[in-house]
Amino acid sequence: MHAIILVGGRGTRLQPLTDSRPKPMLPIIDVPFLEHQLRHLKAHGVTAVTFACGFLPNQIVGYFGEGARVGMQLTYVVEPEPLDTAGAIAFAARTLDPQRLLVCNGDVLTDLDVGLLVREHERMGATATIALTPVDDPTRYGLVRCDAATNAVLAFLEKPTLEEAGDDRYINAGTYVLEPEVIAMVPEGVRCNIEREIFPALVGKRLYAIGFRGYWNDIGTFPSYLAANVDMLQGVFGPGGHDGNRYIAPDAVVAADATVGWGAVIGPKAVVESGAHVVNSVVLEHARIGVGARLDGVIVGEHGVVEDGAQPESGSVVSPGVPGGLAPA
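Pasting the structure below:
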């Protein structure tokens with residue numbers, strides 16, 4: 002099975018962390034998010050991936066190359082200009098022989114069974130099949146309303162009120178299977194959105210959706226990025242098994258009397274000074290946590306500095322790219 006992963010966005014909700022690297026290359030514990038995603042796809046039968054790139058593609062190419070690191074065949078295409086979701090998918094797909102494709106957003110950490118999704122797509126004779134995931138608050142998303150008996154998609158509700166949503170709680174999970182005729186619907190060289198333009202046009206034309214329950218996290222906000230790290234530490238996603246539900250990179254420097262506790266990730270070449278206390282926080286590479294500083298629920302960006310004695314507010318981001326060093330998450 003061949004997959005296309007969308008990795009071209011600027012990741013503006015995660016700035017300044019994404020000012021100098023693509024969002025999918027942000028680390029979750031000790032490797033980039035994309036590596037976790039690729040290993041999950043490989044475990045479910047995906048053998049080849051084409052990355053639809055845009056922002057800073059050389060970082061992705063330089064890290065993964067042709068795929069030896071993950072045991073997959075990897076190729077890359079770079080949009081000449083932003084083409085939106087459907088445009089990016091079609092731009093990548095047209096570099097391949099016409100075939101059924103799995104498409105994944107490059108910012109969703111999930112244990113979704115993509116093998117089952119593909120099998121159900123084939124069983125139903127679908128033109129396109131959307132994976133769905135339940136959410137507690139549907140008003141923040143676009144709901145997908147389906148026929149309970151056939152799984153045929155009936156309608157899309159964009160950011161509905163609770164009254165409009167009723168009992169529906171399933172949203173597009175950012176993973177879908179597409180037949181070549183879907184690619185043919187996308188105009189060449191112009192912006193086109195698959196959620197707002199292509200999928201609605203397919204209603205009544207063998208468009209199906211399958212609901213999944215399991216882990217699902219769009220890492221594109223500061224709280225969800227922090228949660229992804231903590232969830233992986235605890236084994237909520239992935240194997241877990243980290244010492245004391247924390248991670249300290251082998252080349253990080255932590256003072257003997259500093260505390261690195263539950264839910265803390267200390268990245269490569271980071272320094273945690275004497276008396277500092279770090280819990281439920283992510284400290285990226287080359288950052289420094291000053292003497293006696295206290296962090297709980299904080300993200301410290303690459304080369305970020307928490308001054309001696311500082312206690313950043315929970316939900317803050319400390320980064321050289323933020324005037325004054327702090328930004329509310």
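Read left to right, the sequence shown gives residues 2 to 330 (our numbering).
Virtual Cβ for every residue (Gly too), placed ideally from N, Cα, C.
Below 9 angstroms between beta carbons: does that hold for F213 and A127? Counting from one through the sequence shown, the residue named residue 213 turns up at place 212. Counting from one through the sequence shown, the residue named residue 127 turns up at place 126. No; because the gap between Cβ atoms is not below 9 angstroms, this pair is not in contact.
Buried or exposed: where does V104 fall if 16 or more other Cβ atoms within 10 Å of its Cβ makes it buried? The count along the sequence shown starts at 1 and reaches residue 104 at position 103. It counts as buried.
Tell me whether the segment 105-120 and the segment 41-56 touch, counting them as touching only if at least three CB pairs, one residue from each stretch, are closer than 8 angstroms. yes
For Y226, the first and last residue of its enclosing alpha helix (DSSP H): The residue labelled residue 226 in the question sits at position 225 within the sequence shown. Looking at the DSSP string, the run of the alpha helix (DSSP H) that includes Y226 is F223 to Q235.
For a quick check, are the C-beta atoms of L84 and V50 less than 9 angstroms apart? Residue 84 sits at position 83 when you count from the first residue of the sequence shown. Residue 50 sits at position 49 when you count from the first residue of the sequence shown. Not a contact, by the Cβ cut-off of 9 angstroms.
So what's I172 in DSSP terms, helix, strand or just coil? The count along the sequence shown starts at 1 and reaches residue 172 at position 171. If DSSP states are grouped into helix, strand and coil, I172 belongs with the strands.
Nearest residue (CA-CA) to V1, options F223, G262, S317 and F56: Outside the shown range of the chain (2 to 330) lies residue 1, about which nothing can therefore be said.
Report all residues from its chain with a CB closer than 7 angstroms to the CB of I211; omit the five preceding and five following residues, and keep chain order. Mapped onto the sequence shown, residue 211 falls at position 210. Only L118, E121, T130, A132, L133 and N152 meet the Cβ criterion.
Just to confirm my understanding: we take G68, look at its own chain, exclude 5 residues before and 5 after, and list those with CB closer than 6 angstroms. What are they? Reading the sequence shown from its first residue, position 67 is the one you call residue 68. These residues qualify, in order along the chain: Q74 and L75.
In the DSSP assignment, what residue or residues form a beta bridge with H278? For the purposes of this step, residue 278 is taken as residue 277 along the sequence shown, with counting starting at 1. Bridge partners of H278: T260 and R295.
Apart from the five residues on each side of it in sequence, which residues of its chain come closer than 6 angstroms, Cβ to Cβ, to R289? On the sequence shown, residue 289 is found 288 positions in, with the first residue counted as 1. Here the set comprises V272 and V306.
Nearest CA to the CA of D309: which residue from G293, G236 and V78? Residue mapping note: residue 309 aligns to position 308 of the sequence shown, counting from 1. Closest by alpha carbon: G293.
From the DSSP output, read off the bridge partner residues of T134. Locating residue 134 in the sequence shown gives position 133, where the first residue counts as 1. I172, per the DSSP bridge assignment.
Which of the three DSSP states, helix, strand or coil, is assigned to N59? Within the sequence shown, residue 59 is the residue found at index 58, counting from 1. Helix at N59.
Excluding the 5 residues preceding and the 5 following F56 in the sequence, name in chain order all residues of the same chain whose CB lies nearer than 7 angstroms to its CB. The residue labelled residue 56 in the question sits at position 55 within the sequence shown. Counting only Cβ-Cβ distances below 7 angstroms, and skipping sequence neighbours, we find G9, G10, R11 and P23.
Where E196 sits in the DSSP three-state scheme: In the sequence shown, the residue the question calls residue 196 occupies position 195. Residue state, collapsed to three classes: helix.
Inspect the beta-carbon positions of A265 and L110 and report whether they are closer than 9 angstroms. Indexing the sequence shown from 1 puts residue 265 at position 264. Indexing the sequence shown from 1 puts residue 110 at position 109. No, these two residues do not count as a Cβ contact at 9 angstroms.
DSSP puts V71 in a beta bridge; with which residues? The count along the sequence shown starts at 1 and reaches residue 71 at position 70. The partner list for V71 (beta bridge, DSSP) is empty, contrary to what the question assumes.
Backbone CA spacing between M26 and L18 [nearest angstrom]: If you number the sequence shown from 1, residue 26 lands on position 25. If you number the sequence shown from 1, residue 18 lands on position 17. One C-alpha to the other measures close to 10 angstroms.
Is the number of C-beta pairs between the segment 142-162 and the segment 57-64 that are closer than 8 angstroms three or more? no
List the whole-angstrom C-beta distance separating L7 from N106, where the pair is believed to meet the contact cut-off of C-beta under 8 angstroms. On the sequence shown, residue 7 is found 6 positions in, with the first residue counted as 1. On the sequence shown, residue 106 is found 105 positions in, with the first residue counted as 1. Yes, L7 and N106 are in contact; Cβ-Cβ is about 5 angstroms, under 8 angstroms.
Which residues does DSSP pair with Y216 in a beta bridge? Counting from one through the sequence shown, the residue named residue 216 turns up at place 215. BP columns for Y216 are empty, so no partner.
How is the beta strand (DSSP E) around V50 delimited, first residue to last? Locating residue 50 in the sequence shown gives position 49, where the first residue counts as 1. V50 -> beta strand (DSSP E) spans A49 to C54.
Out of curiosity, what's the CA-to-CA distance linking R141 and D31? As a position in the sequence shown, residue 141 is number 140, starting the count at 1. As a position in the sequence shown, residue 31 is number 30, starting the count at 1. C-alpha separation (whole angstroms): 31 angstroms.
In terms of residues, what are the limits of the alpha helix (DSSP H) holding A4? Numbered from its first residue, the sequence shown carries residue 4 at position 3. Taken as a continuous stretch (DSSP letters only), A4 belongs to no alpha helix (DSSP H), being part of the beta strand (DSSP E) at H3 to V8.
Taking the alpha-carbon of R295 as reference, which of G302, E286 and S275 has the nearest alpha-carbon? Translated into the one-based positions of the sequence shown, residue 295 becomes position 294. For the residues G302, E286 and S275, the minimum Cα distance to R295 belongs to S275.
I need the straight-line Cα distance from Q235 to G298, nearest angstrom please. Stepping through the sequence shown from its first residue, residue 235 is reached at position 234. Stepping through the sequence shown from its first residue, residue 298 is reached at position 297. Answer to the nearest angstrom: the Cα atoms are 16 angstroms apart.
In whole angstroms, what separates the C-alpha of V183 from that of A91? Translated into positions along the sequence shown, residue 183 becomes position 182. Translated into positions along the sequence shown, residue 91 becomes position 90. Approximately 9 angstroms, taken between the alpha carbons.
Taking 8 angstroms as the cut-off, is the CB of V231 close to at least one heavy atom of the ligand ADP? The ligand ADP is not part of the structure shown, which contains no ligands of any sort.
Check for me: the beta strand (DSSP E) holding E303 runs from which residue to which? Taking the first residue of the sequence shown as position 1, residue 303 is located at position 302. First-last for E303: undefined, no H or E at that position.
Supposed contact pair I199 and V191 - C-beta distance, whole angstroms, cut 8 angstroms: In the sequence shown, residue 191 corresponds to position 190, counting from 1. In the sequence shown, residue 199 corresponds to position 198, counting from 1. Incorrect: roughly 13 angstroms between the Cβ atoms, too far for contact.
Range of the contiguous alpha helix (DSSP H) that encloses R1: As displayed, the chain neither begins before 2 nor continues past 330, which places residue 1 out of reach and without an answer.
Within 9 angstroms, strictly: CB atoms of D169 and L158: Locating residue 169 in the sequence shown gives position 168, where the first residue counts as 1. Locating residue 158 in the sequence shown gives position 157, where the first residue counts as 1. Yes.
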